[in-house]
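Residue numbers (our numbering): 92 to 550.
What follows is the structure, given as structure tokens:
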């Protein structure tokens, strides 16, 4: 056998040792690369398939949202799309979809592989992407689901202390990078939330940002009584919104202008995917704190307070296409309609704001008959990494911890407390700790010192 053949045989043997059959996942050490997409442009890693073929079980992709509007996709690169990307043996494009497809194809062809972490290092702030079409984190979730499907291991599926064997063939998506995006993934904040539900269990929640923006969430009540939140986005500016929803998925939203005591409404249509097709806003009156409800399939009642007194006023509305015909404006002794709770078809939901451990008092929460204090947030498709120096919000419930490879005290403490730890830029034997990081992410994973260190570090 020539030297190259002997080296690859030894390398394969080392890789099999690194993912043993018996140990718990949290106790195991795996080959990992830093900036995996950069191959031999930055470091000596080879292509993604080469890395996977030679035992690497942690792939890092740096992700940008620049150009999302044109590409309908995120892009790979270090400081910008295409930066330090090695296309040799990898996709010719910089589009995330193509790189995830490459990894998914390898995973499908090797169904007994040790658990594979695919980390997306968010280089841009995704919180300013106004909706799914603009590339918010619902779109990122959809891309992961579309690429990996049943291969994905969601955070909710990680129960107890699973063994490496029990996770074979699974892909664990992980979010890193921009802390604002990672924080919003775990919780959302807002003011004055309102909610509507229809007889099919479809839900629309609206709230204001406290700084002039109006946002929505849509969802559906799951069989266990929890809510699967489907889509999220910004739809206008204003404050104190309220919303009504009928069984046809038609909705009417009302709100107050932030800078003047004028009242405005939107008509919308809720789609099967949870997205709302919003129509233009129209002013219908002056006043404050508007509330609205359907009284029939296309009939509405609206109640608001006068901008200059404690008097309440009411309107009757008839929904027709993309507009509402408002009639019968009059003073009323009726109270404002409930807007933070709703019931239909035997289901009910209420929404409110409140801290959840270390989260802000403005954290959006919900209750149903089966759930108390759930968070209104993105589906937790991916794990959310906690890095040295991050907030307590990101630390709460985190499985994956990370720091630079030279931060030995953080790595050791995190390992000893039962977390799965990544040390990036692990490029010297002097970076080794006891215990070693689960994922010593190196730019030179085939160096003799790295192979020797990892093959002897089984926990």
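Positions of the beta carbon are idealized from the N, C-alpha and C atoms, including for glycine.
All figures in this text were calculated on a predicted structure; none of them were measured in a lab.
- Listed as beta-bridge partners of residue 385 by DSSP are 391.
- A distance below 8 Å separates the beta carbons of residue 382 and residue 430.
- Residue pairing by DSSP places residue 324 opposite 307 in a beta bridge.
- When secondary structure is reduced to three states using DSSP, residue 156 falls in the coil class, being assigned neither helix nor strand.
- Taking a 10 Å sphere around the C-beta of residue 163, we find fewer than 16 other C-beta atoms and assign the residue as exposed.
- In this structure, 115 is the residue among 535, 227, 115 and 485 with its C-alpha nearest to the C-alpha of residue 255.
- Between the stretch 304-316 and the stretch 514-522 there are fewer than three C-beta pairs closer than 8 Å, too few to call the two in contact.
- Judged by DSSP in its simplified three-state form, residue 503 adopts helix.
- Under the 10 Å beta carbon count, residue 153 is surrounded by 16 or more other beta carbons and is classified as buried.
- Collapsing the DSSP output to three states places residue 273 in a helix.
- If you compare the alpha carbons of 401, 353, 390 and 402 with that of residue 409, the shortest gap goes to 390.
- In the structure shown, the three-state DSSP call for residue 478 is strand.
- Assigned with DSSP and collapsed to three states, residue 541 falls in helix.
- Taking the C-beta atoms as reference points, residue 370 is found nearer than 8 Å to residue 413.
- Shown here, residue 246 sits in a helix according to DSSP, grouped into three states.
- Annotation: the continuous beta strand (DSSP E) that includes residue 264 extends over 262-268.
- Excluding five sequence positions before and after residue 493, the CB atoms of its chain that fall closer than 6 Å to its own CB belong to 476, 478 and 513, given in chain order.
- With respect to residue 534, residue 518 sits close: the two C-beta atoms are nearer than 8 Å.
- A direct Cα-to-Cα measurement between residue 168 and residue 129 gives close to 8 Å.
- Around the CB of residue 131, fewer than 16 other CB atoms lie within 10 Å, so the residue is classed as exposed.
- DSSP places residue 117 within a helical segment (H, G or I) once states are collapsed to three.
- DSSP, read as helix, strand or coil, puts residue 218 in helix.
- The criterion of a C-beta distance shorter than 8 Å is satisfied by residue 458 and residue 441.
- Beta-bridge pairing by DSSP links residue 377 to 353.
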